[in-house]
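Residue numbers (the numbering used here): 9 to 308. Idealized CB from N, CA, C, for every residue including glycine.
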């Protein structure tokens, strides 16, 4: 069986059997297509450990990040383990494939004061009752107030919101459902948007969408539009060249821990499968604490 054909069969397995998120499947498919191209679309049985190491080395020479190399190695290991289980190969060449250790990169976060000023300014804009300003204010309040992923926010339907309890039911990675709380500011911004903004956006489409957040044409809003919104809003505050919606998630998690929230509770709110993923935010909080100490303490 050709390597390229096998990788497509594996991608189908990830979608239909393992039911991984579309983003994960896309990443694995892209990585394995690159492997197939690097191997000249050799037969699956012809791929050996040296060929896999050569593939990773080429990615290193291109300047790929260590996190990308680690993901590629994981994709290869998962793929060849599946091929062995399916009896497409007699031996797994990726068993001894070692990925470079990931460097720890602390996420960029906004300050509490910066977020307060940003959201106050957005509330002032929304008070003019422009439908898109009302929507954008609600999006920013909800992303920061709940820590949900942008994909989870895009997938929200009206029935997923419980305004009385100030909670939202979201579908996270691996199709895992959880309920996340949000605060009074997000509650009020969402209520204003649904009452005064959403009907005007919904009227722009021929058929009604159940989505909470609608785009300029009245259909469900997409991640790209939210990325553009957040980048424009947070860029001046954080000072990063490319700030995406995850920066609001990072900021929410860090501010929760700064305020004394339990690490396990933050893990549950964010929907992390591993506590280790959540623990990176303790490092962010520790760095901020150290910086404050150095500025304020006479013996620092």
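- By the C-beta criterion, the segment 154-165 is judged to be in contact with the segment 216-226, since at least 3 inter-stretch pairs fall below 8 Å.
- Under the three-state reduction of DSSP output, residue 176 falls in the strand class.
- As the crow flies, the alpha-carbon of residue 170 is around 54 Å from that of residue 53.
- Taken through DSSP and simplified to helix, strand or coil, residue 96 comes out as coil.
- Judged by beta-carbon spacing, residue 43 lies within the 8 Å limit of residue 63, meaning their Cβ atoms are closer than that value.
- A Cβ-Cβ distance of about 7 Å is found for the pair residue 174 and residue 191, placing them in contact under the 8 Å criterion.
- Residue 151 is a Cβ neighbour of residue 256, given a cutoff of 8 Å.
- The residue among 137, 10, 275 with its C-alpha nearest the C-alpha of residue 198 is 137.
- Take residue 271, set aside five residues on each side of it, and the residues of its chain with a beta-carbon closer than 8 Å to its own are 265, 283, 286, 287, 290, in chain order.
- Residue environment: residue 259 is assigned as buried (16 or more neighbouring CB atoms within 10 Å of its CB, all protein chains considered).
- Counting only the Cα atoms, residue 149 lies some 45 Å from residue 91.
- Selection 252, 83, 188 evaluated against residue 235 yields 252 as nearest (Cα-Cα).
- Under the three-state reduction of DSSP output, residue 169 falls in the strand class.
- Rounded to whole angstroms, residue 208 and residue 165 show a C-alpha spacing of 17 Å.
- In this structure residue 139 is buried. Its beta-carbon is surrounded by 16 or more other beta-carbon atoms within 10 angstroms.
- Looking only at 203, 200, 186, the smallest Cα-Cα distance to residue 276 is reached by 186.
- Counting along the chain, residue 186 sits inside the beta strand (DSSP E) bounded by residues 185-189.
- Each residue's CA atom was taken as its position, placing residue 142 and residue 116 some 26 Å apart.
- Assigned with DSSP and collapsed to three states, residue 233 falls in helix.
- Taken in chain order, the complete alpha helix (DSSP H) segments of 4 residues or longer contained in the segment 24-71 are 30-46, 57-69.
- Shown here, residue 157 sits in coil according to DSSP, grouped into three states, outside any helix or strand.
- By the C-beta density criterion, residue 194 is buried, having at least 16 other C-beta atoms within 10 angstroms.
- With respect to the 8 Å criterion, residue 242 and residue 118 are classified as neighbours on the basis of their beta carbons.
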